[in-house]
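Q:
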Amino acid sequence: MNRVLFRMDGHSQMGLGHLMRCLALAQHLQAEDIDVTFAVLPGTVPFCRARHDWVGAVLTIPEGLTQQDEIAWLNQQPAFQQADIVVLDGYQFNEIYRQALKQTGCQLALFDDNNNSGMLHADLVINGAANAEQLGYNLSAPGAKYCLGEKFRVLRREFTYAETSWAKRNSLLITMGGSDPANLTLPLLKALDSAGADMPIRVITGAAYPWLGQLQAFWAKTNLVVQHIQDCQQMADAYCHAKLVVSAAGGSQYELQATASPAFLLVVADNQAEATFYTAGQHWCRAVDCRQRVDFVALTQQVLALWQDKQALQSMHTKAMHLADLDGASRIITTMMRL
93 MNRVLFRMDG
103 HSQMGLGHLM
113 RCLALAQHLQ
123 AEDIDVTFAV
133 LPGTVPFCRA
143 RHDWVGAVLT
153 IPEGLTQQDE
163 IAWLNQQPAF
173 QQADIVVLDG
183 YQFNEIYRQA
193 LKQTGCQLAL
203 FDDNNNSGML
213 HADLVINGAA
223 NAEQLGYNLS
233 APGAKYCLGE
243 KFRVLRREFT
253 YAETSWAKRN
263 SLLITMGGSD
273 PANLTLPLLK
283 ALDSAGADMP
293 IRVITGAAYP
303 WLGQLQAFWA
313 KTNLVVQHIQ
323 DCQQMADAYC
333 HAKLVVSAAG
343 GSQYELQATA
353 SPAFLLVVAD
363 NQAEATFYTA
373 GQHWCRAVDC
383 RQRVDFVALT
393 QQVLALWQDK
403 QALQSMHTKA
413 MHLADLDGAS
423 RIITTMMRL
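Position in the sequence shown counted from 1, then plus 92, gives you my numbering.
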């Protein structure tokens with residue numbers, strides 16, 4: 093295997109998550125001297141260029157193509173023709189798209205989360221969720237190779253080398269992903285302010301966060317001790333300095349586990365629920381269902397209570413440290429080689 097092409101997109105919060113896990117696998121592929129190319133729409137290109145840890149070439153797909161025309165266009169590109177494996181990641185790529193892509197003759201690897209989108213037409217299925225082996229991939233992708241479960245979680249290389257000791261942790265970290273689609277950051281901060289929270293707080297907002305003006309207005313009047321970082325690109329370091337993290341659920345939970353960071357995981361989408369509540373059963377994090385409504389006062393009370401419970405926090409940290417497995421990408425690459 094010499095070349096891998098990734099097709100995903102990064103316009104939405106979910107899309108940014110897909111982009112980041114593809115980037116994570118690409119970093120490990122490049123470390124094995126395997127060339128990588130990302131095929132993305134024009135709107136995703138700025139996100140790629142803004143990443144200091146970006147690897148690989150970027151192939152820009154023309155805007156406005158139908159799915160059929162996109163696959164025909166890809167099939168004419170040397171980067172696609174020369175790829176040993178095409179990796180697909182995104183909810184917008186439906187069964188018809190996957191089947192047409194497979195009919196080009198490519199070896200197709202697929203990142204999947206819930207196995208709820210019909211036949212997958214994949215040669216390799218990747219799902220790092222703890223319950224992935226129970227999702228019936230033998231029916232939706234018969235004959236494929238499978239990288240399923242916690243041993244196949246993909247982490248960017250910064251997380252595989254993170255220093256996770258407890259001694260240097262002193263802050264409460266709030267991070268709701270690239271765009272905070274449920275607008276959780278500001279109401280949570282207001283509730284913490286009203287409750288008189290006095291711990292050092294670090295707030296990280298992503299590149300696509302749309303409420304930056306309102307957040308900046310809040311800084312002018314809050315009594316909180318806050319550091320704000322916009323579009324942080326050293327997330328492993330940020331997690332490793334946090335005594336407690338309040339985070340959107342999703343792929344970040346695996347990064348939090350890798351850095352042994354006690355956390356509240358806020359579930360904002362149905363596709364996050366099953367994996368997140370399963371993870372909460374491992375007792376290094378707690379899950380909060382925010383899909384219908386969020387009681388920020390109650391959430392703040394839970395955060396403050398746990399912050400004061402040093403024994404519980406250290407126990408959560410220790411459990412996460414023992415559970416963390418940093419070799420998922422290597423196992424996936426070994427399986428890709430067998431294709």
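Quick reminder that beta carbons are idealized off the backbone N, C-alpha and C, glycines included.
Let me know the secondary structure DSSP gives residue 244 once reduced to three states.
A: Correct three-state label for residue 244: helix.
Q: Give a yes or no on whether the C-beta atoms belonging to residue 259 and residue 240 are separated by under 8 angstroms.
A: Result no, Cβ atoms of residue 259 and residue 240 do not sit closer than 8 angstroms.
Q: Assign residue 311 to one of two classes, buried (16 or more other C-beta atoms within 10 Å of its C-beta) or exposed (fewer than that).
A: Exposed is the call here.
Q: Excluding the 5 residues preceding and the 5 following residue 203 in the sequence, name in chain order all residues of the same chain whose CB lies nearer than 6 angstroms to its CB.
A: Here the set comprises 181 and 218.
Q: If you draw a straight line from the C-alpha of residue 245 to the C-alpha of residue 195, how long is it?
A: Their backbone Cα atoms lie some 28 angstroms apart in a straight line.
Q: What's the C-alpha gap between residue 328 and residue 226?
A: Near 30 angstroms, if we compare the C-alpha coordinates of residue 226 and residue 328.
Q: Hey, residue 334 and residue 265 are a contact pair by Cβ (cut 8 angstroms); roughly how many whole angstroms apart?
A: With a Cβ gap of about 4 angstroms, residue 334 and residue 265 count as contacting.
Q: Starting from the Cα of residue 293, find the closest Cα among 253, 301 and 280 and give me that residue.
A: Nearest of 253, 301 and 280 to residue 293, Cα basis: 280.
Q: Identify, in the order they occur along the chain, each residue of the same chain with its Cβ nearer than 8 angstroms to the Cβ of residue 406, setting aside the five sequence neighbours on each side.
A: Cβ within range, chain order: 258.
Q: Looking at the secondary structure, which residues open and close the beta strand (DSSP E) in which residue 339 lies?
A: Per DSSP, residue 339 belongs to the beta strand (DSSP E) from 334 to 340.
Q: Give a yes or no on contact between the stretch 168 to 177 and the stretch 115 to 132, applying the rule of three or more CB pairs nearer than 8 angstroms.
A: With the cut-off at 8 angstroms, the stretch 168 to 177 and the stretch 115 to 132 touch.
Q: Tell me which residues share the same chain as residue 424 and place their Cβ nearer than 7 angstroms to its Cβ, disregarding the 5 neighbours each side in the sequence.
A: Only 117, 218, 239, 244 and 246 meet the Cβ criterion.
Q: Between 412, 205 and 233, which has its C-alpha nearest residue 110's C-alpha?
A: With distances taken between Cα atoms, residue 110 lies closest to 205.
Q: Taking the alpha carbon of residue 316 as the reference point, which residue from 287, 323 and 336 has its own alpha carbon closest?
A: Among 287, 323 and 336, the Cα nearest to that of residue 316 is on 287.
Q: According to DSSP, is residue 428 part of a helix, a strand, or is it coil?
A: Helix at residue 428.
Q: Does DSSP put residue 177 in a helix, in a strand, or in coil?
A: It is a strand residue.
Q: Start and end of the alpha helix (DSSP H) containing residue 363?
A: Here the alpha helix (DSSP H) through residue 363 covers 362 to 372.
Q: Assuming the contact rule is C-beta atoms closer than 8 angstroms, residue 121 and residue 153 should be a hit. Round their C-beta distance to whole Å, please.
A: About 21 angstroms; that fails the 8 angstroms criterion.
Q: State the DSSP-derived secondary structure class of residue 265, mapped to helix, strand or coil.
A: Reduced to three states, the DSSP call for residue 265 is strand.
Q: Does DSSP classify residue 131 as helix, strand or coil?
A: Looking at residue 131 - three-state DSSP - the assignment turns out to be strand.
Q: On the CB-based measure, 16 or more other CB atoms within 10 Å of its CB, does residue 426 come out buried or exposed?
A: Looking at its Cβ environment, which holds fewer than 16 other Cβ atoms inside 10 Å, residue 426 is exposed.
Q: Cα separation between residue 96 and residue 179?
A: Each residue's Cα considered, the two are about 7 angstroms apart.
Q: Considering residue 417, what are the terminal residues of the beta strand (DSSP E) in which it resides?
A: Where residue 417 is concerned, there is no enclosing beta strand (DSSP E), given that its DSSP letter is neither H nor E.
Q: Going by C-alpha to C-alpha distance, which of 187, 304 and 267 sits closest to residue 347?
A: For residue 347, the nearest C-alpha among the options comes from 267.
Q: According to DSSP, is residue 309 helix, strand or coil?
A: Helix.
Q: Go to residue 358, then tell me how far its beta strand (DSSP E) extends in each direction, as first and last residue.
A: Where residue 358 is concerned, the enclosing beta strand (DSSP E) stretches over 355 to 359.
Q: Which of helix, strand or coil does DSSP assign to residue 100?
A: Reduced to three states, the DSSP call for residue 100 is strand.
Q: When the Cα atoms are used, what is the spatial distance from residue 389 to residue 284?
A: The alpha-carbon atoms of residue 389 and residue 284 are separated by roughly 8 angstroms.
Q: Pull up the distance between the alpha-carbon of residue 323 and that of residue 370, whole angstroms please.
A: When rounded, the distance between both Cα atoms is 29 angstroms.
Q: Could you work out which residue in 273, 163 and 251 is closest to residue 326 when comparing CA atoms only?
A: That would be 251, whose Cα lies nearest to the Cα of residue 326.
Q: Using CA coordinates, which residue listed in 161, 162 and 380 is at the minimum distance from residue 361?
A: It is 380.
Q: Can you list, in chain order, the residues of its chain whose CB lies under 8 angstroms from that of residue 330, leaving out five sequence neighbours each side?
A: 265, 267, 294, 296, 321 and 324.
Q: Residue 321 bridges to which residues according to DSSP?
A: Per DSSP, 296.
Q: With the cut-off set at 8 angstroms, would you say residue 214 and residue 231 are in Cβ contact?
A: Against a cut-off of 8 angstroms, the Cβ pair of residue 231 and residue 214 comes out as no contact.
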